[in-house]
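Residue numbers for the sequence shown follow numbering that gives the first Met the number 0, beginning at 0 and rising by one. Even for Gly, the Cβ is constructed at its ideal location relative to N, Cα and C. Computed from a prediction, not measured in an experiment: that's the story for all the values here. The block underneath contains the structure these notes are about, expressed in structure tokens.
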Amino acid sequence: MKVILIKDTKAGKANTIVEVSPGYATNFLFKNNLAEPFNSRTERLLNQRKQKIAEEYKNKKDQEIQLKNEIENIVLWFKLKGTNNFAHGAISAKKIKKELENKGIFVDKQTIQTSGIQTFGTSFINIKLSSNIVAKLKINVIKDE
């Protein structure tokens, strides 16, 4: 019996058409709202769902690319106290996140890939927006007198 899976199960991933036994379909999949029977109406609904998912994915990717461009056009300035050329303290991901929020860019602290900047001068850090989109943020650290 052909069914369209609504959620991920042992039989397969969501929004796919799979062949299962009639007993498994009626007694488990349909009863638990994990699948619906395959027919012309549900096939049409499946195609609409897949199209909607593809559009949402494309919109999300476009937003991530736009955010990447915004991040790469910004330079953040920080001051650290120090003696000779040794900094006292560090610029943490939390401070970077707060400074980005002041500029109107909102990212999770976990996406900022740094263990803390402890040197004076210019540094570049990566901000991982998705699995394949990474933005490089330029940070300048100057000595606070």
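Which residues DSSP lists as bridging residue i, in chain order
i	result
Q112	N125
I141	K78
I90	I116
E18	K1
D135	The sequence as given places Lys at residue 135; Asp does not occur at that position. According to DSSP, which records beta bridges pairwise, K135 is partnered with N125.
A34	L4
G103	None; G103 has no bridge partner.
Beta-carbon gap between residue i and residue j smaller than 8 Å
i	j	result
K142	V74	no
I64	I132	yes
L33	I16	no
I95	T41	no
K135	T110	no
Q88	K80	Checking the displayed sequence, the identity of residue 88 turns out to be Gly instead of Gln. Yes, Cβ-Cβ distance for G88 and K80 is below 8 Å.
V19	A10	yes
I104	L66	yes
F37	K1	yes
S122	V140	yes
Whole-number beta carbon distance between residue j and residue i, since they are thought to touch under 8 Å
i	j	result
S91	G115	5 Å
Q117	A86	5 Å
Burial state of residue i (16 or more Cβ within 10 Å)
i	result
L44	exposed
K30	exposed
A53	exposed
F77	buried
8 Å Cβ cutoff, residue i in contact with chain D
i	result
Q62	Reference to chain D is not applicable here, since this structure consists of a single protein chain.
Entirely within the segment 55-85 and at least 4 residues each: give me those alpha helix (DSSP H) ranges in chain order.
Unbroken alpha helix (DSSP H) stretches of 4 residues or longer found wholly inside the segment 55-85: none.
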